[in-house]
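>
Residue numbers (the working numbering): 1204 to 1936.
1) Apart from the five residues just before and just after residue 1521, which ones in its own chain have a Cβ nearer than 6 Å to its Cβ?
2) When the distance is taken between beta carbons, is residue 1848 closer than 8 Å to residue 1859?
3) Taking 8 Å as the limit between beta carbons, can you name the residues of its chain near residue 1624, skipping five residues before and five after?
4) Just list the residues that DSSP pairs residue 1930 with in beta bridges.
5) Alpha carbon to alpha carbon, how far is residue 1224 from residue 1278?
6) Work out the CA separation of residue 1319 and residue 1934 for me, nearest whole Å.
7) Contact check, residue 1307 vs residue 1365 under 8 Å by CB: the rounded distance?
8) Could you check what DSSP says for residue 1375 in three-state terms: helix, strand or coil?
9) Here's the rule: buried if 16 or more other CB atoms are within 10 angstroms of the residue's CB, otherwise exposed. What is residue 1461?
10) Count the other CB atoms within 10 Å of the CB of residue 1317; is the residue buried (16 or more) or exposed (fewer)?
11) Would you mind reading off the limits of the alpha helix (DSSP H) that contains residue 1462?
12) Please state the DSSP three-state secondary structure of residue 1766.
13) Assuming residue 1331 contacts residue 1411 under a Cβ cut-off of 8 Å, what Cβ separation, rounded to an integer in Å, is found between them?
14) In the DSSP assignment, find the unbroken beta strand (DSSP E) run with residue 1878 in it and report its ends.
15) How is residue 1923 classed by DSSP in three states: helix, strand or coil?
16) Taking the alpha-carbon positions, what's the residue 1595 to residue 1690 distance?
17) Express the C-alpha separation of residue 1434 and residue 1501 in angstroms, rounding to a whole number.
18) I'd like to check one pair, residue 1845 with residue 1926: are the Cβ atoms closer than 8 Å?
19) So the beta strand (DSSP E) residue 1269 belongs to, where does it begin and stop?
20) Look up residue 1849 in the DSSP assignment and give the residues it is bridged to.
21) For residue 1391, which residues from the same chain have a beta carbon less than 8 Å from its beta carbon, with the 5 sequence-adjacent residues on both sides left out?
22) What is the rounded straight-line gap between the Cα of residue 1253 and the Cα of residue 1681?
23) Among 1593, 1742, 1511, 1515, which one has its Cα closest to the Cα of residue 1686?
24) Quick check on residue 1554: buried or exposed, where buried means 16 or more other Cβ atoms within 10 Å of its Cβ?
25) Who are the Cβ neighbours of residue 1626 in its own chain at under 8 Å, not counting the five residues just before and after it?
26) For my contact list, residue 1153 and residue 1424 are in at a C-beta cut-off of 8 Å; report their separation, rounded to the angstrom.
27) Suppose contacts are defined by Cβ-Cβ distances below 8 Å. Is residue 1496 in contact with residue 1516 by that definition?
28) Pick from 1382, 1725, 1800: whose alpha carbon is nearest that of residue 1734?
29) Assess, as a yes-or-no matter, whether the stretch 1437-1444 is touched by the stretch 1521-1533 under the definition of 3 or more beta carbon pairs within less than 8 Å.
30) Can the beta-carbon of residue 1601 be found less than 8 Å from the beta-carbon of residue 1675?
31) Look at residue 1582 and residue 1571 and say whether their C-beta atoms are less than 8 Å apart.
32) By the three-class DSSP mapping on this structure, what secondary structure does residue 1342 have?
33) Can you tell me whether DSSP reads residue 1610 as helix, strand or coil?
34) Would you be able to state if there are at least three C-beta pairs under 8 Å between the stretch 1234-1246 and the stretch 1288-1300?
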């Protein structure tokens, strides 16, 4: 599966009981991004194993903390804590409600090495009421008995609620009756209507006027796209909304000033026109980057009566979308007629072309991919088959708009892709207007099992003679006609964009840690179905679970026990109980939420007709987000995790586990391999249900980014692999 293998015996050290140290401060208190209700804080952290002292930076200016400039440096400390917001300490007058503070701890080690820490943050709760429910601009599902709620402001003792169907009346209201509860019963409300509300907070010394929030009742105009308060919206976004039930048409308003859009009439510059029923969309043209826009759709009924709509807003980023893959559908044409808007109707592949080995989309609906998605709801699967004399696989899109790739100073084409370790390595390329290809530098890109951003400078295409003011076709492909490699695989694409700068690659700093305790576990779908708070297949932010190698995946009727159809995060005690233990309880190093791949439990339910484990085994992968290893000296990065492994091996069952490392998106390196076959040099026996595993990763010089993938494959009715308390550390340069 991977081209390089580091000798495993030299790398893997099993420590069943001993704790393993790592460099750098970790486990901040308050937790990163926490919201606290106090005007002071006792900052604390867990020191690294070689800590002698700590350089601490703290301020409300992110740049100063990140760069170590201004007044952010708060001295060198020999103890792992620092009080802030108290007399005699930083910010002696107290921390300010509604303010976000940033801090960083650089660890000075016993040999004088400084381990630069990540920037953490926390926010002091605002004096104003926050977190309205219903959310601002939302449409409620039931208007019969409506209760409003919110999160009280800092130190709030009393709350005064103003509620009505007129914005100005609610905004200007005074003298309301204060109450102690942070809820308000609005009772039964009219359908197809906009309501406004405001909560003023009183903390025994002052009153803090709240924002005016709104919501709509069923039948009113709603479902704005982009959603209300959306950020980083593309500059070529087409606006849309759901019509009101009684609407014969709508009047639309759009602009950059909140008050003028809110109060605009059909005689105002913000009025952009009358929209007939069925035409609930608006193209505002190319918008400015990093700007805030406001818009409003008023309902006009068949009698000409106008009902003013809620005010919506969004903020643009600096991107133009070439294709976000969201517009394609699954509508098959009548027999004998061509398709119209399926993904392979627009992205023309090699179907019926003997020299082109590409196939776009899934065989059956949904034709676009709906599980392996970077953003939105869909991505594009692209199968390449460069075999039997085929030298390339390519899919091409003809552009209907956004053909001028010089507008708004864009200079970068960005696309995101996601591969599989099981793919054959093939060079990946992009062409414009049939130009010579621009290749991805990494020839093994198709094997990277996590969403990876590819930024291409548009000048490279211009140098090949492409007229960037008239781009009418873009193609994505695999292979080299002049140097055929031969291989097959499937890669997923999403978010094809233009930007003014290269899309940033977000990496998690060292030390990197994950214990899965921040996840909110949901309801079990099939195993002890309906049990709450015990299971999720949504990993932590930036992580990715690949279930595509699980037989029957996507159809709960034939995917085995759905809970275990691929890696999942589960409550360890619940998993142990519903599986009948079978030695799962021996995993005492794992506590609370743990990550589990359990083909044994998965096999206890139906599979596809004719299923054979030897022909179609259980394969699943679990990948970390990109980890920033740029500050670590070569050869010093170390992985530590707690593990429970129980194998089984016979004629059908060959349960295998491995971990691969991807540095700078380069060729994957297998850093750990466990097999169930007792004759294999990589045999891992079943006395391995409770261990701490340490792997020295030997990060190469120049490595800046690391992705780790935990794979369990070639399995059937075997046992399991569970992991917890993952740590990646390194020694600073």
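The beta carbon of each residue, even a glycine, is placed where N, CA and C say it ideally should be.
Since the model is a prediction, treat every value here as computed from it, not as a measurement.
Answer, in terms of the structure:
1) These residues qualify, in order along the chain: 1492, 1702, 1703.
2) Not in contact: residue 1859 and residue 1848 (Cβ atoms no closer than 8 Å).
3) If we look at residue 1624 and ignore the five residues flanking it on each side, its Cβ neighbours are 1204, 1205, 1650, 1652, 1824, 1863, 1871, 1912, 1914.
4) Paired residue(s): 1716, 1843.
5) Below a pLDDT of 50, predicted positions are generally treated as unreliable, and residue 1224, at 43, falls in that range; the measurement from the model is reported next regardless. Between residue 1224 and residue 1278, the C-alpha separation is close to 25 Å.
6) When the Cα atoms are used, residue 1934 and residue 1319 turn out to be separated by approximately 10 Å.
7) Beta-carbon to beta-carbon, residue 1307 and residue 1365 are separated by about 43 Å, too far to satisfy the 8 Å threshold.
8) It is helical.
9) Exposed, because fewer than 16 other Cβ atoms sit within 10 Å of the Cβ of residue 1461.
10) Residue environment: residue 1317 is assigned as exposed (fewer than 16 neighbouring CB atoms within 10 Å of its CB, all protein chains considered).
11) Residue 1462: member of the alpha helix (DSSP H) spanning 1461-1466, first to last residue.
12) DSSP places residue 1766 within a helical segment (H, G or I) once states are collapsed to three.
13) For a cut-off of 8 Å, the C-beta gap from residue 1331 to residue 1411 is around 5 Å, short enough to register as a contact.
14) Note, residue 1878: beta strand (DSSP E), 1872-1878.
15) Reduced to three states, the DSSP call for residue 1923 is strand.
16) When rounded, the separation of the alpha-carbon atoms in residue 1595 and residue 1690 is 10 Å.
17) In this structure, the alpha-carbon of residue 1501 lies about 23 Å from that of residue 1434.
18) At the C-beta level, residue 1926 and residue 1845 come within 8 Å of one another.
19) Boundaries around residue 1269 are those of the alpha helix (DSSP H), 1265-1270, since no beta strand (DSSP E) includes it.
20) DSSP output for residue 1849 lists 1923 as bridge partner(s).
21) If you ignore the 5 residues before and after residue 1391, its C-beta comes within less than 8 Å of the C-beta of 1346, 1347, 1348, 1349, all in its own chain and listed in chain order.
22) Cα to Cα, the separation comes out at about 48 Å.
23) Answer by Cα proximity: 1593.
24) Residue 1554 comes out exposed.
25) 1649, 1650, 1690, 1691, 1692, 1693, 1694.
26) Because the chain spans 1204 through 1936 in this model, residue 1153 falls outside it and cannot be assessed.
27) Yes.
28) Answer by Cα proximity: 1725.
29) Verdict: yes, contact present.
30) Yes.
31) The answer is yes: Cβ separation under 8 Å.
32) The DSSP-derived three-state label of residue 1342 is strand.
33) For residue 1610, the three-state secondary structure derived from DSSP is helix.
34) Segments in contact, yes.
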